[in-house]
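To keep things clear, I will list the structure first and then write my remarks on it.
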Amino acid sequence: MSTKTTELIVSKTNLLKGLDQALQNYKVVALTHRGERVLYDYINSTDEIELHCNATVLPLKKYFFPQDETIVEYTADGKFTAKVEAKPTVLFGIHPCDVNGLKILTEAFADDHGDPNYLAKRDLAVVIGLECAKLCDKHAFCSKVNTHYATSGYDLMLYPQGDQFALEIATDKGREFVAKYLATEKAKGDEIALFCQEKDKNFAVEPPFKDLERFPELFEANKLHPIWDQEGARCLSCGSCIMVCPTCFCFDVKDEWQLNLEKGRRIRKWDACMLNDFTKVAGGEIFRHTATKRLHHRINRKFDYLMSKHKMAVCVGCGRCVRACLADISPRTIAEAINGEKPIKK
Ligand code: SF4
Ligand code: SF4
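Just so you know, we're using numbering that gives the first Met the number 0 here: the sequence shown kicks off at 0 and counts up by one.
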């Protein structure tokens, strides 16, 4: 349920016109068709934008935490240069689950000393959210973890109303963007409230998990629950679930020298705790050597270890891992077994 009130309306025509102008100063990422698929990608014109609510294979993390990123360059005579690359970017049409995923990722990379590579990119980004009135598909379960609304982590939020949008301004960065690029008009009624009433009706069929706030405690108490063996036995340890997850951020760091040994670079690459050698240490010991142990670790990161820290489930229910998994393993099934919402099939 939302308590926001509508101040401004922007027509679809004026929104796209403003974004076309913004393309002169920003790189713009939006939902767009590439062949048969809809995905987040850089666009050159707003004609490429897909405004309908579709689930993408990959989330937004690739724009802040690339799959393969040079973080240091160095030479044989001992000179080091830290590489931090960031460009002003607009992320347009981001659904609430992905706004929440990005918020968790930002908190993780801002923790402790902060990660300069991630934070430089995030600081230069304007996030324009696009509300969705209903679940994307049968695999999404955002309302089960209360991420079907975003309360922070965006600069502007658009609430679709036919050929126009109610516009919520959440930050000063958002206000500046509106002043510079969007022709708006004053709202006549409370369009956001109307949108949310309709949305609440659609999501009422998928209420939050029973005892969601107690998940860390419940997962701690159920380390030996039979669901772990049942689901772990089917896991292929392919790591696909990690690659597509908006809140998974494990990485490996490697050094690469040129063949002439004059220059080298330090790269970080995505890694995956579902892979067998993720915990391999010198001497060859592997600490989580079964798929069951690895699945237990991954799901407990979402609903136990990190949940208390982020004050929300670290799974945003986007359903990407469920769509990607050949073995049909879902965090939802595991959560429902652990909280007793659905007994496991024998
Ligand atoms: S665990 Fe699965 S459903 Fe949850 S956020 Fe990650 S990809 Fe989405
Ligand atoms: S849970 Fe599914 S996607 Fe993840 S590693 Fe196992 S088989 Fe692969």
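Using N, Cα and C, we set each Cβ at its ideal position, and we do this for glycine too. This one's a predicted model, so the numbers in the text were calculated from it and none came from an experiment.
Helix, strand or coil at residue i [DSSP, three-state]
i: serine 142; result: helix
i: threonine 332; result: helix
i: leucine 305; result: coil
i: threonine 183; result: coil
i: arginine 233; result: coil
i: aspartate 162; result: coil
i: aspartate 136; result: coil
i: phenylalanine 208; result: coil
i: isoleucine 285; result: coil
i: isoleucine 337; result: helix
i: isoleucine 226; result: helix
i: histidine 280; result: Correcting the residue type first, residue 280 is valine in the shown sequence and not histidine. In the structure shown, valine 280 sits in coil (DSSP, three-state: anything other than H, G, I, E or B).
i: glycine 316; result: coil
i: tyrosine 148; result: coil
i: alanine 178; result: helix
i: lysine 310; result: coil
i: lysine 172; result: helix
Beta bridge counterpart(s) of residue i as assigned by DSSP
i: methionine 156; result: Gly128, Glu167
i: glycine 263; result: Tyr73, Trp256
i: threonine 80; result: Glu72
i: tryptophan 269; result: Phe250
i: isoleucine 8; result: Ala165, Glu184
i: isoleucine 48; result: Thr31
First through last residue of the beta strand (DSSP E) which encompasses residue i
i: tyrosine 73; result: 67 to 74
i: arginine 293; result: Premise fails: arginine 293 lies in the alpha helix (DSSP H), 290 to 299, not in any beta strand (DSSP E).
i: alanine 29; result: 26 to 33
i: leucine 57; result: Unbroken run through leucine 57: none, as it is neither H nor E.
i: isoleucine 42; result: 36 to 42
Span of the alpha helix (DSSP H) around residue i
i: valine 17; result: Before going on, a small fix: residue 17 reads as glycine here, not valine. That run of the alpha helix (DSSP H) goes 11 to 21.
i: aspartate 199; result: 190 to 202
i: leucine 217; result: 214 to 220
i: isoleucine 241; result: 239 to 242
i: arginine 319; result: 319 to 323
Expected contact under 8 Å - CB spacing of residue i and residue j to nearest Å
i: asparagine 43; j: cysteine 135; result: So it is not a contact: roughly 26 Å between Cβ atoms.
i: arginine 264; j: glutamate 72; result: 5 Å
i: aspartate 318; j: histidine 94; result: Note that residue 318 corresponds to glycine in the displayed sequence, not to aspartate. That pair is no contact at about 11 Å.
i: leucine 274; j: glycine 238; result: 5 Å
i: tyrosine 266; j: threonine 69; result: For the record, residue 266 in the displayed sequence is isoleucine; it is not tyrosine. Indeed, because the Cβ distance is near 5 Å, the residues count as touching under 8 Å.
i: leucine 7; j: threonine 183; result: 4 Å
i: leucine 14; j: leucine 181; result: 7 Å
i: phenylalanine 302; j: cysteine 314; result: 7 Å
i: valine 144; j: leucine 211; result: 7 Å
i: aspartate 97; j: proline 330; result: Not a contact, Cβ separation roughly 16 Å.
i: glycine 383; j: leucine 157; result: Residue numbering for the chain in the displayed model covers 0 to 345; residue 383 lies beyond these limits and cannot be assessed.
i: serine 142; j: proline 206; result: 7 Å
i: threonine 358; j: asparagine 99; result: No answer is possible for residue 358: it lies beyond the span of the chain, which begins at 0 and ends at 345.
i: proline 87; j: leucine 123; result: 5 Å
i: asparagine 299; j: phenylalanine 218; result: 6 Å
i: isoleucine 27; j: phenylalanine 91; result: According to the sequence displayed, residue 27 carries valine and not isoleucine. Correct: roughly 6 Å between the Cβ atoms.
i: phenylalanine 194; j: glutamate 130; result: 7 Å
i: alanine 312; j: phenylalanine 248; result: Contact doesn't hold; Cβ gap of about 16 Å is too wide.
Residue-level contact to chain C via CB, residue i, 9 Å cutoff
i: aspartate 136; result: Of the protein chains in this structure there is only one, and it is not chain C.
Secondary structure, beta strand (DSSP E): runs of 3+ residues fully inside the region 86 to 133: Counting only runs of 3 or more, we get 88 to 93, 124 to 129.
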